[in-house]
Each structure stands twice: as structure tokens, then as C-alpha cells.
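K.L.:
Under our numbering, the first residue of the sequence shown carries the number 1, and numbering increases by one thereafter.
My structure is below; once you've seen it, I'll send some questions.
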Amino acid sequence: MSHIPPLDPMVAARKGFRESEERLKRFWKAVDVSEGEGGWSVTLDGRTPKTPAHAKLTLPTRAAARLVADEWAAQGEFIEPGTMPATRLASTAIDRVSQVREAVADEIATYAGSDLICYPAEAPGSLVEQQAREWGPWRDWADELGIPLELAEGITHKPQDPAASARVRELALELDDFALTGLAAAVPLLGSAVLGLAVQRGVLSGELAFDLS
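In C-alpha cells:
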């Protein structure tokens, strides 16, 4: 094999391969990471795989490259795209997000206008108390970051200060392409720009953020 073709695991997954002969077989033995120009690359039998846009699969840190490499190493006889989320995010960061950073930041910022933690339940009392206890500190944390949020009453939408979305956008654009991609993936899942930022900044675990949402 003179080269390793580009592979988008999610494209393969969407095709819904059903028969073994339709599935892409594992074509490498050894998986490693190596440092080079531009960061850390994943290597398959010494060669760097390509993204769908034919860019090298190179990441900013060894830890990130190792995470992606572990996904490739874990593949069996056939490639299982659904087990490669880090590879998908890395490819998205390289091929897509790097080209549309402003639009990605805009989308993230919209969540500050209706952030989950601004819409606590009105009943039952136990849930009201729980959400006050669990969400209150994160609204305070957001305020410390310069994201002013106001509580809504019930499920009725309450417009937030435009400064909240503007600040979230500003913080998003401070991130590199990979961190921005991760934030863009997390925020919709959580329904909260604040919780997403907390995870990205390492002050809240992804598991706990999911529980809070």
C-alpha cells in the first residue's frame, strides 16, 4: 500500500454497511503517534492517515493524538465508525471548523440566549431546590466570566442581555480549532453554553455536566 486513503468514520456509518463484504477492512497493524511539523500525528504502519479533505490527521497535543490513535488501535477486522468519535471530531476541526470559525462561534453563542440553567422548574419543590443548588453556582461562575444571565419564570422564553451571547462568542473564538470543535459538539448536547464552557475549561467533568443537564 503506497498510501492510506482518507476515512470519515461518520460517512461510513451513515451508509449503514450491513454485509461484511461492504465494510472497510482494517488495513494496518501498528498504530503510533509521532511529533512533527504542526503538532502530533497519528501513524498507521508508519504512515499518517488523511482526513476526508485529504489533510494529514495532525493534532495539537500528544494526548489528543493518543486518544485518536487508541480508536484506530481498537479496531478489529473491520472498521467500526461509530467507535471513533475522537477521529470524527479531529477531522471536523481540521477540514471544516478551521474554515468557518466565526459561524461556529455564532452558533455556540445562540445557546446563551436560552441557556438551560436559566430555566429552572417551578415544581415539585424538591426539584426546585435541587436545581437551585446545582445550577446556581454555574450561573455565578458565568457571571465571573462576564456572561450576565437572568432567570426565566417557568418555560416562557426570557430574552437575555445581548452581552451574554457576545461574551460567549468572544470566549469561543479564543479557542483553537480543536477546542472550538469540542465546544461546538458539547453545547447542543447539554443545551447550555455555560456548562459547555465549564467542561472545556476543565472545571466540570463531561459526565457531571450531562447529569446537570
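Cβ atoms here follow ideal geometry from the backbone N, Cα and C, with glycine treated the same way.
Return the chain-ordered list of same chain residues with a C-beta closer than 8 angstroms to the C-beta of R169, the five sequence neighbours on each side being excluded.
P.N.:
Here the set comprises A105, D106, I108, A109.
K.L.:
Can you tell me the Cβ-Cβ gap for A93 and T181, rounded? I've got them flagged as a contact below 8 angstroms.
P.N.:
Between T181 and A93 the Cβ distance is about 4 angstroms, and since that is below 8 angstroms, they are a contact.
K.L.:
Would you mind working out which of L145, T61, K56 sits nearest W40, comparing C-alpha positions?
P.N.:
Answer by Cα proximity: T61.
K.L.:
How long is the line joining the alpha carbons of A119 and A30, rounded to whole angstroms?
P.N.:
Note that residue 119 is Tyr in the sequence shown here, rather than Ala. Going by the C-alpha atoms only, they are around 50 angstroms apart.
K.L.:
With a threshold of 6 angstroms on Cβ separation, who are the neighbours of S34 within its own chain once the five nearest residues in sequence on each side are excluded?
P.N.:
Cβ neighbours of S34 beyond the five flanking positions: S41, T43.
K.L.:
List the endpoints of the continuous beta strand (DSSP E) containing V42.
P.N.:
Run containing V42: 39-44, per the beta strand (DSSP E) assignment.
K.L.:
Return yes when the Cβ of P52 is within less than 8 angstroms of the Cβ of D115, no when it is not.
P.N.:
No. Outside cutoff.
K.L.:
Around the Cβ of V194, are there at least 16 other Cβ atoms within 10 angstroms (buried) or fewer (exposed)?
P.N.:
Classification for V194: buried.
K.L.:
Would you kindly check if the distance between the Cβ of Y111 and the Cβ of S192 is under 8 angstroms?
P.N.:
The answer is yes: Cβ separation under 8 angstroms.
K.L.:
For E170, which residues does DSSP report across the bridge?
P.N.:
For E170, which the question treats as bridged, DSSP gives no partner whatsoever.
K.L.:
What is the DSSP secondary structure of S205, counted as helix, strand or coil?
P.N.:
Residue state, collapsed to three classes: coil.
K.L.:
With DSSP as the reference, label D211 as helix, strand or coil.
P.N.:
Three-state DSSP puts D211 in a helix.
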